[in-house]
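Here's the structure we're looking at; comments come further down.
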Amino acid sequence: MFRNLQDKKYYVDNLLKELQHRGNSEAAESVRKLIFKHIIGPTRRKYNQHTLYEDFKQKILRNRKPGTIAIISFNFDFLLHEDVGDALSFDYLLDFNWIESDRRSSSNGIPLIKLNGSLDWGICRKCDHLHMYIYPMQPSFYDQKKCTNHGCEGVVEPFIVIPHEEYVGRIGVLWTKAKETLSQACKITIIGYSFPEYDKRVIRLFEESLRSNAEIAEIEVVDKSNIRNHNFAVKRRKEKEVKEKYRQMFPELINEVKVQLGGFEEYMKSYQESQ
Ligand SMILES: [Zn+2]
């Protein structure tokens, strides 16, 4: 599970919600396009992240048997995506009306459940046609982007699913699938997400899902801390804090929560070593 917009999300959430309540869909569209430009610019330069995601695919995902792993993501970016060849496919679980050549969503692929939408998915404001575009994308990609539905001519905006109520018909399936996946998971690895208080819908999703498998589920938390490796006392204190937070959030959990404080990069390194 990934999230790299944690600090900004609260702001974006409220802004889009406010605009929706005022019925100002054109302003909401502009905000979504701004989010797109903001993320697309830096994303294209994040070489290190590209390498990490490639490692993640290579070491963890490509060796999995179908049905043994699923990914729930809150990220809008598309750093994680299917291979151009057939080596790795994802099931994005949505009914796309139009998919650009070289992209695909495969029902036998690994479920990649993007609960907040994705920047490479575009929705027509007029007819709700859902598009999946090819990457890389330029920051100007959505400027004047038109719907592919014949004769519609509607404007397409990035499918960022905030606030959720606006798109509930379209993305309800993702939340249902996330709940089903979490309820059946033996092991849940949480990478770079800290359940901030304002994320009530996500906390509720986990509470409800974990209630049914609290005796089985093992939780592993991969968090990024800036504590130096040799500072064992501080590290242990931080680990204890994280464990305590989980105990309070999910009191029914039986297994002890495992905590790794080295972030995604360290996690990938240790994963390689332990295989
Ligand atoms: Zn349309």
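Each residue of the sequence shown is one higher than the one before, counting from 273 in our numbering. Where is the CB? At the ideal position from N, CA and C, for every residue including glycine.
Excluding residues up to 5 positions away in sequence, Phe522, Glu524, Leu525 and Ile526 lie with their Cβ nearer than 8 angstroms to the Cβ of Ala486 in the same chain. Within its own chain, the residues whose Cβ lies closer than 7 angstroms to the Cβ of Ser497, once the five positions on either side in sequence are excluded, are Lys510 and Leu533, listed in chain order. Within the same chain, Asn380 come within 7 angstroms of Pro338 by CB-CB distance, once the 5 residues on both sides are set aside. Secondary structure of Ile526 (DSSP, three-state): coil. Its chain contains Ile344, Leu446, Lys449 and Ala450 as the residues whose beta carbon lies nearer than 6 angstroms to that of Ile385, once the 5 sequence neighbours on both sides are disregarded; these appear in chain order.
The three-state secondary structure of Asp400, taken from DSSP, is coil. At least one heavy atom of ligand 1 sits closer than 7 angstroms to the Cβ of Gly426.
Contact between the segment 392-402 and the segment 359-377 is present, with at least three C-beta pairs closer than 8 angstroms. Cβ contact annotation for Ile312 (same chain, cutoff 6 angstroms, sequence separation greater than five): Met409 and Pro411, in chain order. For the pair Val514 and Val493, the Cα-to-Cα distance works out to about 8 angstroms.
According to DSSP, Lys418 shares a beta bridge with Val427.
Here Tyr470 is exposed: its Cβ has fewer than 16 other Cβ atoms, across all protein chains shown, within 10 Å. Residue side-chain check: Asn421 places its Cβ nearer than 7 angstroms to a non-hydrogen atom of ligand 1. The count of Cβ pairs closer than 8 angstroms, one atom from the segment 453-460 and one from the segment 420-439, stays below three, leaving the stretches out of contact. For Cys458, the Cβ stays outside the 7 angstroms cut-off from all heavy atoms of ligand 1. Taking 7 angstroms as the cut-off, one finds at least one heavy atom of ligand 1 near enough to the beta carbon of Lys398. Per the C-alpha coordinates, the member of Lys418, Tyr364, Glu516 and Ile395 positioned closest to Phe350 is Tyr364. In this structure, ligand 1 has a non-hydrogen atom nearer than 7 angstroms to the beta-carbon of His401.
Each residue's CA atom was taken as its position, placing Cys458 and Gln292 some 39 angstroms apart. Going by C-alpha positions, Thr340 is about 16 angstroms away from Gln330. At a Cβ-Cβ threshold of 8 angstroms, Ile463 and Phe536 count as neighbours. Taking all protein chains in view, the Cβ of Val440 is surrounded by fewer than 16 other Cβ atoms within 10 Å, so the residue is classified as exposed.
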